[in-house]
Amino acid sequence: MPTAAPGVNVSLAHASDLLFTWTVLVYAVAMFGYSVEFAFARIARSRGDQAGRPEQIGRVAVGLTVVGWLLHLGSVVTRGAAAGRVPWGNMYEFSTMVALVAVTVYLVLLLRQPVRFLGAFVMTPVVLYLGLAGTVLYAPAAPLQPILNSYWIKIHVVAAITASGAFMVSGVITLLYLTRTWLDRRASMGPGTAAAVEYHGFARWLPSAERLDRLAYKVIGFAFPVWTFAIIAGAIWAKYAWSRYWGWDPKETWSFITWVAYAAYLHARATAGWRGRRAAVLSLVGFGCLMVDYYVVNTVISGLHSYAGVN
Amino acid sequence: MTETLTDETATQALSTAPQGTQPVASRNRVRSLWRSLTSMRTALLLLSLLALAAVPGTLLPQRGLNPVKVDVFFTAHPSLAPFLDKLSLFDVFAAPWFAAIYLLLFVSLIGCLFPRIRLHARALRRKPPAAPKRLERLAIHDTWDADGDAQAVVANARESLRRQRWRTTELREEPGGAWSVGAEKGYLRETGNLVFHVALVVLLTGIALGGLFGYKGTVLVTDGGSFSDVPSSYDVFTPARLGSESALPPFAFTLRKFTASYQPNGVPKSFHAYVDYRSTPDAPSRPYDVTTNRPLSIAGTDVYLVGHGYAVHIQVRDKSGRLVYDKATPFLPDDAMFTSHGVVKVPDGLPRQLGLTGFFYPTYEPTPFGAQSSYPGPAAPVLTLAAWQGDLGLTSGRPQSVYSLPVASLKNIGTKTIGPGQTWKLADGTTVTFAGVSQWATFQIAHDPGSTVVLVAAVFIVCGLLSSLWVRRRRMWVRAVPLDNAGGVRRTVVSAGGLARTDADGFATEFESLLRRMKD
Numbered sequence: 001m002p003t004a005a006p007g008v009n010v011s012l013a014h015a016s017d018l019l020f021t022w023t024v025l026v027y028a029v030a031m032f033g034y035s036v037e038f039a040f041a042r043i044a045r046s047r048g049d050q051a052g053r054p055e056q057i058g059r060v061a062v063g064l065t066v067v068g069w070l071l072h073l074g075s076v077v078t079r080g081a082a083a084g085r086v087p088w089g090n091m092y093e094f095s096t097m098v099a100l101v102a103v104t105v106y107l108v109l110l111l112r113q114p115v116r117f118l119g120a121f122v123m124t125p126v127v128l129y130l131g132l133a134g135t136v137l138y139a140p141a142a143p144l145q146p147i148l149n150s151y152w153i154k155i156h157v158v159a160a161i162t163a164s165g166a167f168m169v170s171g172v173i174t175l176l177y178l179t180r181t182w183l184d185r186r187a188s189m190g191p192g193t194a195a196a197v198e199y200h201g202f203a204r205w206l207p208s209a210e211r212l213d214r215l216a217y218k219v220i221g222f223a224f225p226v227w228t229f230a231i232i233a234g235a236i237w238a239k240y241a242w243s244r245y246w247g248w249d250p251k252e253t254w255s256f257i258t259w260v261a262y263a264a265y266l267h268a269r270a271t272a273g274w275r276g277r278r279a280a281v282l283s284l285v286g287f288g289c290l291m292v293d294y295y296v297v298n299t300v301i302s303g304l305h306s307y308a309g310v311n
Numbered sequence: 312m313t314e315t316l317t318d319e320t321a322t323q324a325l326s327t328a329p330q331g332t333q334p335v336a337s338r339n340r341v342r343s344l345w346r347s348l349t350s351m352r353t354a355l356l357l358l359s360l361l362a363l364a365a366v367p368g369t370l371l372p373q374r375g376l377n378p379v380k381v382d383v384f385f386t387a388h389p390s391l392a393p394f395l396d397k398l399s400l401f402d403v404f405a406a407p408w409f410a411a412i413y414l415l416l417f418v419s420l421i422g423c424l425f426p427r428i429r430l431h432a433r434a435l436r437r438k439p440p441a442a443p444k445r446l447e448r449l450a451i452h453d454t455w456d457a458d459g460d461a462q463a464v465v466a467n468a469r470e471s472l473r474r475q476r477w478r479t480t481e482l483r484e485e486p487g488g489a490w491s492v493g494a495e496k497g498y499l500r501e502t503g504n505l506v507f508h509v510a511l512v513v514l515l516t517g518i519a520l521g522g523l524f525g526y527k528g529t530v531l532v533t534d535g536g537s538f539s540d541v542p543s544s545y546d547v548f549t550p551a552r553l554g555s556e557s558a559l560p561p562f563a564f565t566l567r568k569f570t571a572s573y574q575p576n577g578v579p580k581s582f583h584a585y586v587d588y589r590s591t592p593d594a595p596s597r598p599y600d601v602t603t604n605r606p607l608s609i610a611g612t613d614v615y616l617v618g619h620g621y622a623v624h625i626q627v628r629d630k631s632g633r634l635v636y637d638k639a640t641p642f643l644p645d646d647a648m649f650t651s652h653g654v655v656k657v658p659d660g661l662p663r664q665l666g667l668t669g670f671f672y673p674t675y676e677p678t679p680f681g682a683q684s685s686y687p688g689p690a691a692p693v694l695t696l697a698a699w700q701g702d703l704g705l706t707s708g709r710p711q712s713v714y715s716l717p718v719a720s721l722k723n724i725g726t727k728t729i730g731p732g733q734t735w736k737l738a739d740g741t742t743v744t745f746a747g748v749s750q751w752a753t754f755q756i757a758h759d760p761g762s763t764v765v766l767v768a769a770v771f772i773v774c775g776l777l778s779s780l781w782v783r784r785r786r787m788w789v790r791a792v793p794l795d796n797a798g799g800v801r802r803t804v805v806s807a808g809g810l811a812r813t814d815a816d817g818f819a820t821e822f823e824s825l826l827r828r829m830k831d
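Heads up: the sequence lines are chains Z and X, in that order. With our numbering, letter number 120 in the first sequence gets 120, and the count goes up by one each step, no holes. With our numbering, letter number 15 in the second sequence gets 326, and the count goes up by one each step, no holes.
And the structure:
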């Protein structure tokens with residue numbers, strides 16, 4: 001470990017790193033559990049058996065997700081306490097927070113609707129994302145740069161993190177939606193074909209395309225206003241920090257492009273001929289723009305938002 | 312119409328999307344062009360184009376962000392750059408084609424808004440539609456038996472709907488002694504949608520207002536120095552495109568002291584510029600601490616701290632000891648540790664004009680490759696100077712930077728490294744004293760008369776968006792049909808049906824809880 005910056009509580013920073021490692025491990029096991037349920041419940045059902053045991057594994061995976069979420073929360077809180085500030089000052093911390101929000105959104109959805117099928121598909125990118133955060137993006141706890149020293153970091157960045165985590169979940173649901181519509185179309189080629197037989201196994205597991213579409217819309221309907229608010233809060237902060245509310249800095253521009261892409265998705269959903277698959281593709285384009293906004297802009301394009309802490 | 316309302320047409324009626332375009336005679340081209348411009352499909356296309364058009368602005372260097380990088384690109388790609396420049400690709404966000412896209416988008420939006428505002432205003436005044444004939448055909452429906460007479464049952468249902476803030480129709484008597492009521496809720500969805508889009512137009516107006524009537528400038532002020540808000544006292548000034556400068560009397564401020572603090576590794580911790588300002592020449596002087604994220608606001612104009620550096624106080628005396636130069640000269644920083652360079656020009660008072668070029672190191676550290684500063688704070692300040700004699704060219708009439716010296720036409724008469732308080736004696740008896748170090752700060756002064764409009768519009772944008780995405784519009788109908796009177800007890804068959812365009816799952820739950828209230 002590199003030497004800690006002054007003002008950093010070393011033992012807390014260490015605890016945070018340890019909790020982070022455990023979080024990734026527990027999440028990985030949960031992801032495995034969900035996958036087992038997904039694979040075997042499908043097979044069992046397609047044979048006409050009861051899917052009892054795989055479903056138990058799925059329930060255990062939910063329990064593990066909750067445990068992982070608590071460890072995750074602990075890691076974030078100790079990180080903030082170690083550095084004596086909000087725990088979202090560089091890209092490692094930011095990515096960790098986005099993953100935390102994604103898991104939170106999944107758990108909240110799970111409280112309201114039977115969406116355990118999402119487990120494997122949400123946990124996989126979360127584990128990959130955390131793996132990336134913990135290795136490539138890792139930066140030791142340190143105080144903030146003076147320009148970040150504003151209460152707007154709480155408002156602007158929390159909104160951006162919340163929207164991103166939710167967009168991540170909506171992206172996963174949209175991918176499942178596209179898979180489902182693809183399967184539906186293949187199966188419609190004719191009964192008795194191999195595709196149609198395979199379809200019956202898979203389709204019994206995935207909810208209907210319509211339900212997936214509605215679910216994705218619901219999550220984006222939550223994320224989009226939050227993202228709008230994040231951009232506006234950023235503009236207000238920019239007015240205080242950089243003397244103008246908007247300046248087409250690369251980060252601002254990509255946030256705007258992301259916003260426009262999701263706005264296009266919302267319009268497409270209300271336009272005949274664009275509803276469904278085309279709208280879904282637009283929302284994935286929006287998610288792609290969001291990823292460019294965080295990763296390409298922070299590491300490749302230089303601008304005013306150079307706080308990544310990655311060299 | 313409502314008598315034959317099917318699920319399909321009811322859904323159509325609930326849609327917040329504009330209705331399909333009617334066939335237009337081909338001769339009426341303007342009208343048809345207008346219709347297609349204001350269609351959702353065009354909006355979708357223009358939105359996609361807008362997103363796409365912004366991309367090159369982040370991949371190529373932009374003049375508005377960093378003109379130096381644009382020059383570097385021109386040097387690196389001498390044949391490609393002029394071509395890209397012709398396409399305004401170095402000023403994407405001020406390019407005519409970029410403006411064309413968003414202006415078309417806004418024209419399309421405004422064209423779409425007017426009819427929808429009219430429609431919504433009409434819908435707000437109208438009663439909800441009456442019950443369709445067959446409620447059991449609706450996606451969500453239920454039927455149950457109730458005691459009491461049909462009219463009373465429906466009146467009860469209407470009352471419980473009204474208590475849940477539904478808009479309802481009057482009770483309606485139907486053939487066969489049946490009674491029905493219609494209800495609707497969630498008008499805020501379309502209201503929010505319209506508020507959001509109108510606020511977008513207002514936002515653009517605010518941006519335009521700032522672009523046309525706003526001005527900005529930067530100025531460097533040394534510790535103890537002053538600034539007055541008139542165009543001539545700026546170092547760089549971008550005037551308003553329309554209208555002259557502010558009609559208000561100019562404000563002024565004095566930089567009492569600038570301080571910066573750093574972490575041991577040189578990373579900055581804080582910056583403070585302590586100023587005394589007067590909002591008008593006659594106003595009393597007030598202190599203010601201008602720092603990062605905390606500009607000084609005076610009557611709609613904001614003063615930001617945007618940069619800092621060191622000013623080196625140098626005194627020059629002739630050989631008789633008479634003081635001919637006594638000033639703190641700003642040196643410009645070259646790196647994060649504030650190794651700085653600067654120039655001193657002494658045109659008068661000496662037998663020959665004298666120029667000094669120098670490097671200032673706030674924390675001097677000699678290395679095998681030359682000197683450098685190892686910390687941005689003034690822990691061990693050192694000044695290295697080179698002296699030049701000859702014609703400084705100040706009378707040539709050509710504009711000259713205060714940070715450079717035409718050394719090619721001058722004669723070098725020595726170099727020296729000195730610390731604070733030390734004096735360097737030149738061969739002709741002239742002495743140069745490093746009298747001390749102070750700091751300077753650069754301020755950006757910006758006036759944007761549109762920013763309040765933009766902020767208010769932004770608040771409405773978020774509120775409008777929330778209600779247009781989170782409120783769902785739904786309709787509900789209740790009908791009661793009297794049963795044949797069997798044992799002297801009045802029995803009624805009640806049926807209810809509901810319709811929600813979005814979030815049918817959520818509505819199903821709401822529908823059930825509404826029915827539970829009615830059945831109680």
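Backbone N, C-alpha and C fix where the C-beta goes; we use that ideal spot for every residue, glycine too. What you are looking at is a predicted structure, and each value in this text was computed from that prediction instead of being measured.
Residue state for residue 269/Z is assigned as helix, using DSSP reduced to three classes.
Taking 8 Å as the cut-off, the beta carbon of residue 517/X is found closer than this to the beta carbon of residue 765/X. Setting aside the 5 residues that flank it on each side, residue 422/X is surrounded in the same chain by 345, 348 and 349, each with a C-beta closer than 8 Å to its C-beta; the list follows chain order.
According to the DSSP assignment, residue 787/X belongs to the beta strand (DSSP E) that extends over 785-793.
In chain order, 120 place their CB closer than 7 Å to the CB of residue 35/Z, counting only its own chain and leaving out the 5 sequence neighbours on each side. Looking only at 827/X, 596/X, 782/X and 609/X, the smallest Cα-Cα distance to residue 756/X is reached by 609/X. Exclusion of the five residues before and after residue 791/X leaves 461, 464, 465, 490, 803 and 805 as the residues of its chain whose Cβ lies within less than 6 Å of its Cβ. Among the CB atoms of chain X, none fall inside 8 Å of the CB of residue 69/Z. Following the DSSP letters along the chain, one finds residue 618/X in no alpha helix (DSSP H) but inside the beta strand (DSSP E) bounded by residues 612-628. The shortest C-alpha to C-alpha distance from residue 23/Z to any of 67/Z, 10/Z and 63/Z is the one to 67/Z.
Short of 7 Å from the beta carbon of residue 548/X, and not among the five residues preceding or following it, lie these beta carbons of its own chain, in chain order: 528 and 542. Contact annotation, residue 277/Z with residue 181/Z: C-beta distance approximately 6 Å; criterion of less than 8 Å satisfied. The beta carbon of residue 268/Z sits closer than 8 Å to the beta carbons of 274, 275, 278, 279 and 282 from its chain, once the five residues preceding and following it are set aside; these are given in chain order. For the C-beta of residue 182/Z, not a single chain X residue is nearer than 8 Å; the gap to the nearest is close to 23 Å. When C-beta atoms of the region 739-757 of chain X are compared with those of the region 520-538 of chain X, three or more pairs fall below 8 Å, so the two segments count as touching. Of all residues in the region 244-261 of chain Z, only 244, 245, 246, 247, 248, 249, 250, 253, 254, 256, 257, 260 and 261 place a beta-carbon less than 8 Å from a beta-carbon of chain X. Minimum Cα-Cα distance from residue 124/Z among the listed residues 82/Z, 169/Z and 239/Z corresponds to 169/Z.
By the rule that beta-carbons nearer than 8 Å mark a contact, residue 114/Z does not touch chain X. One finds 369 and 370 in chain X with Cβ atoms closer than 9 Å to the Cβ of residue 301/Z, taken in chain order.
Between residue 504/X and chain Z, the shortest Cβ-Cβ separation is not below 8 Å.
Taking 8 Å as the CB threshold, residue 419/X stays off the interface with chain Z. Taking a 10 Å sphere around the C-beta of residue 373/X, we find 16 or more other C-beta atoms and assign the residue as buried.
The alpha-carbon of residue 566/X is positioned some 28 Å away from that of residue 696/X.
Residue 548/X carries a strand assignment under DSSP once its states are collapsed to helix, strand and coil. Using a C-beta cut-off of 8 Å, the region 105-114 of chain Z makes no contact with the region 80-87 of chain Z, since fewer than three inter-stretch Cβ pairs fall below that distance. Taking C-beta atoms as the reference points, residue 354/X and residue 400/X fail to come closer than 8 Å. Remark: C-beta atoms of residue 602/X and residue 581/X approach each other more closely than 8 Å.
In this structure, DSSP gives residue 27/Z a helical state, which the three-state scheme calls helix.
DSSP lists 572/X as the bridge partner or partners of residue 581/X. For the pair residue 55/Z and residue 39/Z, the CB atoms are not nearer than the 8 Å cut-off. Using beta-carbon distances, residue 87/Z does not count as an interface residue toward chain X, since no partner is under 8 Å. In the DSSP assignment, the residues bridged to residue 496/X are 785/X. Considering only 270/Z, 88/Z, 64/Z and 247/Z, the residue with the shortest C-alpha distance to residue 152/Z is 88/Z. With respect to the 8 Å criterion, residue 171/Z and residue 101/Z are not classified as neighbours on the basis of their beta carbons.
The three-state secondary structure of residue 151/Z, taken from DSSP, is coil. Look at residue 739/X here: in three-state DSSP terms it is coil, with no helix or strand label.
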